[in-house]
Structures are given as structure tokens and as C-alpha cells.
Amino acid sequence: MAPLGYWAARVKFGTALVQDWLPANDPVLVRYREFTEHFGNDQFLLVSWSDCRLDDPALVLLTERFEQLSKSAPELGIQHVLSSLQSVQDLERGALRLTRQQAISRLSGQIIGQDGTCFITLRVRPAPVAERAELIGRVKRTAAEVLGDRAQSLILAGEPYQVYLIDRSSRETMQYFVVPSSLVALLFAWMCLRRLPLTLMVFALAGSAQLIGLALVSLVVGEISAVLVVLPTLLFMLTLSAAIHLTTYYVDCLPGAAEAHAVTEQRWAGAAALRLGIRPCVLASLTTAFGFVSLAVSSLAPVWQFGALAAVGLVLATATLLVSFPAATAWLPRR
């Protein structure tokens, strides 16, 4: 278990960009790469808030603060700052010499909303997800300093924010839901077995499957994404079900049980239970693994990665359970 724990601890969180989901020879991705070669791969973060208007003094002040931030913190990757007001002023000062109302009318529905709302655009360079978290954090803090109480209505949009939001959701799923779900699984295991030693044994066996899932993600993919985040818990629950199944056979095989396959000594009950349960466990595991393998035909990388890793992980988890079960029962207290 030590190697599994080592690789499971090394797993990283990350969210792949949408263009990384497709195969390298996909026609859409090829066209997208051609486009970025000609026009660049700039990404934009849009910042606005409730009732953000052209005459709002906070619009000018926050634009200036973002421009200062782009110079004082180049590691954030802010390359250019542009507000709706600056776009209107560019038309007013340009060769056409448009009036304020003409400029607003021309930009309505693009830089200015139909209801007169506006925003600030931050052009940022492509960067890893970890840098996006720092960028969003600094933008939020800067907006809070300028807007005060109005920062509660802050609105962020654009690919940098989307990637950050998906990555944060993945982390929160692991942090906030793994422990409660494990406790619920432990409760249901106890309801099925009604004995604490047996419950702790199946919980430990299922925990090894969770480590297998994390280790596989760490070794094969390197980071756990919003799709793969459910893989360790999935393997945990499937292995827990199989462990409860085998443990039920174990109880029936204990000395003194009314069943015909009861043994004379408790130390042989684990092996007897394995002989009875190995066939249904293996068949159930293989049929489920075949279902996961069917996802491998998908052209989307997160989908086929999930299918392949789930199938391999389930087979490894089942094999580990079958090999470990007789030895695990030897540690149970004597009846």
C-alpha cells in the first residue's frame, strides 16, 4: 500500500482547456490552431458589476487600477486593459468624430449592453490553471477596494474565469464531499453487516481501491480533472459492495453457522468465503469494466481517459480485494 499512497499523494488538480479535449488531428482543432497562428491566442477576462454605466466614476478608477496592476504584477499576465468608456472615447476622437450618442449607438450590443451597462476587458496571456487562480484573486481584491459594498454584485466572465471556476469546483468536490460520502458508506456498510470489526475491514479494503484510483490518475494523466474527480470514489463504492458481498459469505462460513459450507475452524472461513464469492465478484467486475471500456471509443480525452482508467482501476481493485480478503479476515477477533 505504501507505493499506492505515495503516488496518490502526488496527484495534482487541474482543468484541461477545451481544445485539449479533442484529438490532435480533429478538423475543428486544426482550424483553431491555424486561426491562432494568424491572429494569436489572446484570452479575455470581462469584469462588470450591477448598474455599471459609462458615467460611473468607479469604471474609470477601476480601469486605472487594472492598468497599474498589469505593470506592477506582470506575472499575472495582463497584457491590455480596455473599458467600454475608452471604446466610446476612441470613436469620439477618431477620424469619424462621432458624437457621444452616435458612438454609444454604434457600440450598443457589443461593447455596451442594450440596457446601457458596460464592462472592463482584460486581455491576458495563456497560462496554467494555477496562475488563473492568482489572477482572479487579485482582480476580485482590486475590485473590492474600488467598489466597496458594490463588489458583492461583481460579475466575471471569459475563458480564464471559466477554467478557474471548473478547477475550484473540482478541488471543493474532493475537499468537502469525499469525507462525508465515506462516512455515509461506512454507515451503510455497518447497516449491512451489523458488526464493527467486519465494517472496518470492508472499509479498509475499499479504501485501497480509492488509493488505486488516485495512483492511476497520478501515473497516467498526472492531474485530476473535473471528470476524473469521481473516479476514486466510484472505485471505492464498487469495491465496498464486493467486500460486503464476500463478508456475507464469510459470516455464513464461520464455525457454528447453519449453512452447509460452514468450516470447523475460523481461520479457514476467509478462504471458504473466497471460494464461494470469487466467481460472482469476478463476473460483476468484468461486466462493469466492459461498460467502462466502451467509453474509450469517445474522441473527447476526458471521457476516454475516465473509461480506460475506471476499467483498469476496477480490475486492479477487485484483484487486490480477492487477494487480500483471506488475510484480512485473519485479523478479525475470534468468535
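Quick note on the working numbering: the sequence shown kicks off at -8 and runs consecutively.
Glycine included, each C-beta is placed from N, C-alpha and C at the ideal position.
In summary, residue 314 is exposed, with fewer than 16 beta-carbon neighbours lying within 10 Å of its beta-carbon over all protein chains present.
Looking from the CA of residue 297, the closest CA among 211, 164 and 319 belongs to 211. A Cβ-Cβ distance of about 6 angstroms is found for the pair residue 45 and residue 109, placing them in contact under the 8 angstroms criterion. DSSP places residue 45 outside any beta strand (DSSP E), giving it a letter other than H or E.
When the Cα atoms are used, residue 141 and residue 219 turn out to be separated by approximately 37 angstroms. Residue 36 has 113 as its beta-bridge partners, per DSSP. Taking C-beta atoms as the reference points, residue 36 and residue 155 fail to come closer than 7 angstroms. If you ignore the 5 residues before and after residue 312, its C-beta comes within less than 7 angstroms of the C-beta of 196, 230, 233 and 234, all in its own chain and listed in chain order.
Residue 148: member of the beta strand (DSSP E) spanning 146 to 148, first to last residue. When the five nearest sequence neighbours on each side are left out, the beta carbons in the same chain lying within less than 7 angstroms of the beta carbon of residue 43 are those of 50, 108, 109 and 110, in order along the chain. The Cβ-Cβ distance between residue 69 and residue 98 does not fall below 7 angstroms. Residue environment analysis places residue 264 among the buried positions, since at least 16 neighbouring C-beta atoms fall within 10 angstroms of its C-beta. Residue pairing from DSSP places residue 71 in a beta bridge opposite 114. Looking at the DSSP output, residue 131 sits in no beta bridge, so it has no partner there.
For residue 163, the three-state secondary structure derived from DSSP is helix. By the criterion of a C-beta distance shorter than 7 angstroms, residue 257 is surrounded in its chain by 245, 246, 325 and 326, once the five residues flanking it on both sides are discounted. Inclusion of residue 226 and residue 304 in the CB contact set at 7 angstroms is warranted, their separation being smaller than that value. In this structure, DSSP gives residue 199 a helical state, which the three-state scheme calls helix. Just so you know, the alpha carbons of residue 78 and residue 95 end up roughly 9 angstroms apart. At the C-beta level, residue 280 and residue 306 come within 7 angstroms of one another. Rounded to the nearest whole angstrom, the CA to CA distance from residue 22 to residue 122 is 27 angstroms. When the beta-carbon positions are compared, residue 217 and residue 127 stay at least 7 angstroms from each other.
DSSP, read as helix, strand or coil, puts residue 214 in strand. For the set 239, 213 and 202, the Cα lying nearest the Cα of residue 223 is the one of 202.
Rounded to the nearest angstrom, the gap between the Cα atoms of residue 56 and residue 124 is 19 angstroms. Assignment of residue 289 by DSSP, reduced to helix, strand and coil, places it in the coil class.
Within the model, the alpha-carbon separation for residue 288 versus residue 34 is close to 31 angstroms.
Secondary structure remark: continuous alpha helix (DSSP H) runs of at least 4 residues inside the region 218 to 292, in chain order: 222 to 244 and 260 to 284. With contacts defined as CB atoms closer than 7 angstroms, residue 193 and residue 180 qualify as a contacting pair. Between residue 190 and residue 241, the CB-CB gap reaches or exceeds 7 angstroms. A residue is called buried once 16 or more other Cβ atoms fall within 10 Å of its Cβ, and residue 322, having fewer, is exposed. Here residue 103 carries a strand assignment [DSSP, helix/strand/coil].
Residue 173 is positioned such that its CB atom lies no closer than 7 angstroms to that of residue -2. Taking C-beta atoms as the reference points, residue 261 and residue 317 count as a pair closer than 7 angstroms.
Taking a contact as a CB-CB distance under 8 angstroms, the pair residue 138 and residue 12 does not count as one, their CB atoms being some 36 angstroms apart.
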